[in-house]
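*Asks:* Chains as they are written, first to last, in the working numbering: chain A, 1 to 356; chain B, 1001 to 1356.
Here a beta-carbon is modelled for each residue, glycine too, at the ideal position from N, C-alpha and C.
Quantities reported herein were computed from a predicted structural model and do not represent experimental measurements.
Number of protein chains: 2
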Amino acid sequence: MDNTKITLPDTVSLDDDAGALVIIDQTRLPGELVMLALTKQEEIWEAIKTLRVRGAPAIGVSAAIGLYLAAKEIASAVIDEDEFFSRLKVSADYLASSRPTAVNLFWALDRMYNTALSCAGQGVGNTVKRLLDEALSIREGDIASCRRIGEYGLTLINDGDGILTHCNAGQLAAVRYGTALAPIHLGRERGMNFRVYTDETRPLLQGMRLSATELVANGVDVTIICDNMVSQVMRAGLIRSVLVGADRIAANGDVCNKIGTSGVAILAAHYCIPFYVLAPVSTIDLCSDRGDDIEIEQRSGAEVSDMWFKKRMAPEGATVYNPAFDYTDNGLITALVTDRGIIRPPYRESIAEIIK
Amino acid sequence: MDNTKITLPDTVSLDDDAGALVIIDQTRLPGELVMLALTKQEEIWEAIKTLRVRGAPAIGVSAAIGLYLAAKEIASAVIDEDEFFSRLKVSADYLASSRPTAVNLFWALDRMYNTALSCAGQGVGNTVKRLLDEALSIREGDIASCRRIGEYGLTLINDGDGILTHCNAGQLAAVRYGTALAPIHLGRERGMNFRVYTDETRPLLQGMRLSATELVANGVDVTIICDNMVSQVMRAGLIRSVLVGADRIAANGDVCNKIGTSGVAILAAHYCIPFYVLAPVSTIDLCSDRGDDIEIEQRSGAEVSDMWFKKRMAPEGATVYNPAFDYTDNGLITALVTDRGIIRPPYRESIAEIIK
């Protein structure tokens, strides 16, 4: 695949005629651009679990479309409304069990299920129709909110800036545009040029495989670095600001995001470089008071020691620790860039204000 | 190879009968324990260049033995002393060109060449004999100095401590014991137990492949983490102190060491965790006034994007930046642990004092 010639399709779509959630299989990038049409609930669950589709917004949209497809399938066999709701709840709980950290997953499933409940008494067929509208609305809403994040983010950076990002919070993490990378893509549409440094982001290399791919596809100047080179590029004066996404934001502004984010934030503070977190308001979870209240997904050590290699790179007898996320303390964050505007410390107050 | 059952041999030795430098091929670990007997200068140069033998002290000892072998070979064909010295100088310059950053390489070659010069007029045969003694003395000196570093280091840590290390500054980076890991190995000999966290150390995984291997072989509790997980393990309270090595230490105490070291030092400062650099006095280079005066080796981007994978993991069109080392500012270093004792800030004064 020649990445300089492709334009990536939307990351997540619905093919209603085929009854399928259509996604880019991100485990195959950058080598191949493979689209998957997933029709079974087990396939959708597996695609989220194994990161074929990943990124908080993209997971939310996938789950919403997945629950609509579940509703359609249940409705084809069931006309009793109580049984329909009871089976729909089982499907929602099943999809929610695919990953624990990104709040958008639960947010999207709650929104879908509450929509269904609000249709009670109107007949199963009508409910399914409303769920289709709701899933498409969540998807369109994601595109619009990423675009707004991009607009707000563009006010914080300048043409020609060196910008560091971590993991992939780009178009591949959403439907289109992305969150952290939305200002880059939007600026590029307007003829601006940025020099983007992307951490490779071990263990699964989302920065090297995904961010670099979508930025190259969009004609952006990209340099890949290992995660441990961040201090060096900052010290060398190559970075004007840091843009990252979020998997969940607590009520006090602590951010849970891909493992390594908190280290980048501490280095940015050390070198006096602005550190921005870009995410839709749906990523804020007022039920999590502080970062430490958020469950951190622990993944298999083999992702570190074996996954990308033909042979094991660690000696037998060594333990591997593999948390998928970490907490960035609110004091390290210069601003949160949301789809409803840019907010600054003190975050408990500014978050409460924006979420009203 | 079952690492729990092996005891690693010395990293670097001389087989004088075979006219060979004998090394562990570290590019094959942890999968296989392969010993190489290198007889040709080109083989020795290649082994240093491609990191079959690596680590500042081990490179110094390898170069010293290599230059002795060169002297022996030259002497077998040449009896004119001027020609002998002239060809020996060519060999020394050739070995010095294998890698640019670690000062021990130049230190060892200078010491060998000056030893040869001091024998001028005594005949080529005598000079070669003195070079044998000098090379063996450098090797024995390395073992003794690593042991002393271990003794001093042990006064700074406690049985049961959680200790973080970066890259490999262990026995595989020296002849025996190592520098940063010398206190761990020595403590283990005395029945102490540490919980060691080793950064995998991208791109070449010296932490996952080498530090984990030698620590497991020595019965130490080891946990491998990705480089971007350092902040998370520090935040979780798992780390009592950080022990790292050095490739070169400037006159002001700035440390040049494996890429990523400066980031770990900044994180340690943020979390108020002591950050110790362990290295022999021969690693101090008074000709480098500050860290920025030290040349940083830039290595091929393919080490990041391709080397450990069967296929390229980065998209075509993306640049890769791959500096092998970085600078850690002296203000981030709690103490330098040398073979002549522990020194503390202000480093310009304490280094001048210890090196007298």
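Return the residues of the region 1217-1231 of chain B that lie within a Cβ-Cβ distance of less than 7 Å from chain A, sorted by chain order.
*Replies:* Against chain A - using a Cβ distance shorter than 7 Å - the residues of the region 1217-1231 of chain B are Val1222, Thr1223, Ile1224, Ile1225, Cys1226, Asp1227, Asn1228, Met1229, Val1230 and Ser1231.
*Asks:* Suppose you measure from the CA of A:Leu69 to the CA of A:Arg130; what does that come to, to the nearest Å?
*Replies:* Taking the straight line from one Cα to the other gives about 12 Å.
*Asks:* What does A:His185 touch in chain B if you count any residue whose Cβ is under 9 Å from its own?
*Replies:* Within 9 Å Cβ-Cβ: nothing; A:His185 doesn't reach chain B, min ~16 Å.
*Asks:* If the cut-off is 7 Å on Cβ atoms, which residues from the region 151-178 of chain A count as contacting chain B, listed in chain order?
*Replies:* Of all residues in the region 151-178 of chain A, none has a Cβ within less than 7 Å of some Cβ in chain B.
*Asks:* Less than 7 Å between C-beta atoms, sequence neighbours within five positions excluded: which residues of the same chain meet that for B:Arg1340?
*Replies:* Here the set comprises Val1281 and Ile1354.
*Asks:* Grab the span of the beta strand (DSSP E) containing A:Cys146 for me, first residue to last.
*Replies:* Note, A:Cys146: premise wrong, no beta strand (DSSP E); alpha helix (DSSP H) at Val124 to Leu154.
*Asks:* Could you tell me which residues DSSP pairs with B:Leu1336 in its beta bridges?
*Replies:* B:Val1277 and B:Ile1343.
*Asks:* List the endpoints of the continuous alpha helix (DSSP H) containing B:Thr1115.
*Replies:* Looking at the DSSP string, the run of the alpha helix (DSSP H) that includes B:Thr1115 is Val1103 to Ser1118.
*Asks:* Of all the CB atoms in chain A, is at least one closer than 7 Å to the CB of B:Gly1243?
*Replies:* Going by the sequence as given, residue 1243 of chain B is Leu instead of Gly. So no, B:Leu1243 is outside the interface.
*Asks:* Check whether the Cβ atoms of A:Glu243 and A:Ile163 sit closer than 7 Å, and answer yes or no.
*Replies:* Before going on, a small fix: residue 243 of chain A reads as Leu here, not Glu. Their beta carbons are under 7 Å apart, which means A:Leu243 touches A:Ile163 by this criterion.
*Asks:* Which residue comes first and which comes last in the beta strand (DSSP E) that contains A:Gly162?
*Replies:* Segment Gly162 to Thr165, the beta strand (DSSP E) holding A:Gly162.
*Asks:* Thinking C-alpha only, which one of B:Asp1017, B:Asp1285 and B:Ala1268 is nearest B:Ala1251?
*Replies:* For B:Ala1251, the nearest C-alpha among the options comes from B:Asp1285.
*Asks:* Closer than 7 Å, CB to CB, is B:Asp1326 near chain A or not?
*Replies:* It does: the Cβ of B:Asp1326 has a partner Cβ on chain A nearer than 7 Å.
*Asks:* Is it the case that the Cβ atoms of A:Gly253 and A:Asn330 are separated by a distance below 7 Å?
*Replies:* The answer is yes: Cβ separation under 7 Å.
*Asks:* How about A:Val222 and A:Leu278: are their beta carbons less than 7 Å apart?
*Replies:* Contact flag unset, no.
*Asks:* With a threshold of 6 Å on Cβ separation, who are the neighbours of B:Arg1299 within its own chain once the five nearest residues in sequence on each side are excluded?
*Replies:* Closer than 6 Å at the Cβ level, and outside the excluded window around B:Arg1299, lie Asn1322 and Ala1324.
*Asks:* Which whole-angstrom value is the C-beta distance of A:Val12 and A:Ile48, which I expect to be below 8 Å?
*Replies:* The pair is not a contact, with the Cβ atoms about 11 Å apart (cut-off 8 Å).
*Asks:* Kindly indicate which three-state DSSP category B:Pro1323 falls into: helix, strand or coil?
*Replies:* In the structure shown, B:Pro1323 sits in a strand (DSSP, three-state: E or B).
*Asks:* If I'm right that B:Val1090 touches B:Phe1084 with Cβ under 8 Å, what's the distance once you round it to whole angstroms?
*Replies:* Not a contact, Cβ separation roughly 11 Å.
*Asks:* Give the residues of chain A in contact with B:Ile1065, contact being defined as C-beta atoms less than 9 Å apart.
*Replies:* Those within 9 Å of B:Ile1065 in chain A number zero; the least Cβ separation is about 27 Å.
*Asks:* Report yes or no: is there a C-beta of chain A within less than 7 Å of the C-beta of B:Ile1351?
*Replies:* Not one chain A Cβ lies under 7 Å of B:Ile1351.
*Asks:* On a CA-only basis, which of A:Gly55, A:Ala120 and A:Leu332 is nearest A:Leu204? Give me that one, please.
*Replies:* Nearest option by C-alpha distance: A:Gly55.
*Asks:* Excluding the 5 residues preceding and the 5 following A:Ser62 in the sequence, name in chain order all residues of the same chain whose CB lies nearer than 8 Å to its CB.
*Replies:* Cβ within range, chain order: Val12, Leu21, Ile23, Ile44, Ala47, Ile48 and Val53.
*Asks:* Any chance you could list the alpha helix (DSSP H) runs of at least 4 consecutive residues sitting entirely within the region 1165-1208 of chain B, in chain order?
*Replies:* Counting whole runs of 4 or more residues, the region 1165-1208 of chain B contains the alpha helix (DSSP H) stretches 1182-1189.
*Asks:* Does the beta-carbon distance from A:Cys167 to A:Gly207 come in below 7 Å?
*Replies:* Cβ atoms of A:Cys167 and A:Gly207: closer than 7 Å.
*Asks:* Identify each residue in the region 1293-1323 of chain B for which the Cβ-Cβ distance to at least one residue of chain A is less than 9 Å, and report them in chain order.
*Replies:* Here the close residues are Ile1296, Gly1301, Val1304, Ser1305, Trp1308, Phe1309, Lys1310, Lys1311, Arg1312, Met1313, Ala1314, Pro1315, Glu1316, Gly1317, Ala1318, Thr1319, Val1320, Tyr1321, Asn1322 and Pro1323.
*Asks:* B:Val1320 to B:Asp1306, Cα distance in whole Å?
*Replies:* Taking the straight line joining both Cα atoms gives about 11 Å.
*Asks:* Got a sec? Which residues, its chain only, sit under 6 Å from B:Tyr1177 by beta carbon, not counting five neighbours each side?
*Replies:* Counting only Cβ-Cβ distances below 6 Å, and skipping sequence neighbours, we find Cys1146, Arg1147, Gly1150, Gln1171 and His1185.
*Asks:* Quick one, which of A:Asp227, A:Met234, A:Ala236 and A:Leu238 has its alpha-carbon nearest A:Ile259's?
*Replies:* For the residues A:Asp227, A:Met234, A:Ala236 and A:Leu238, the minimum Cα distance to A:Ile259 belongs to A:Asp227.
*Asks:* Thinking C-alpha only, which one of A:Val216, A:Ala92 and A:Thr179 is nearest B:Gly1317?
*Replies:* Ranking the options by Cα distance to B:Gly1317, first place goes to A:Val216.
*Asks:* If we define contact as Cβ-Cβ less than 7 Å, is A:Leu51 a contact residue for chain B?
*Replies:* Chain B contact via Cβ: absent.
*Asks:* Using a Cβ cut-off of 7 Å (strictly closer), state whether A:Leu88 contacts chain B.
*Replies:* Output row for A:Leu88: interface = no.
*Asks:* Determine the DSSP secondary structure at B:Ser1098, reduced to helix, strand or coil.
*Replies:* Looking at B:Ser1098 - three-state DSSP - the assignment turns out to be coil, as it is neither helix nor strand.
*Asks:* Does the CB of A:Leu210 have a neighbour CB from chain B at under 7 Å?
*Replies:* False, the Cβ-Cβ gap to chain B never drops below 7 Å.
*Asks:* Note down, in chain order, every chain A residue with its Cβ under 7 Å from the Cβ of B:Pro1203.
*Replies:* Within 7 Å Cβ-Cβ: Cys226.
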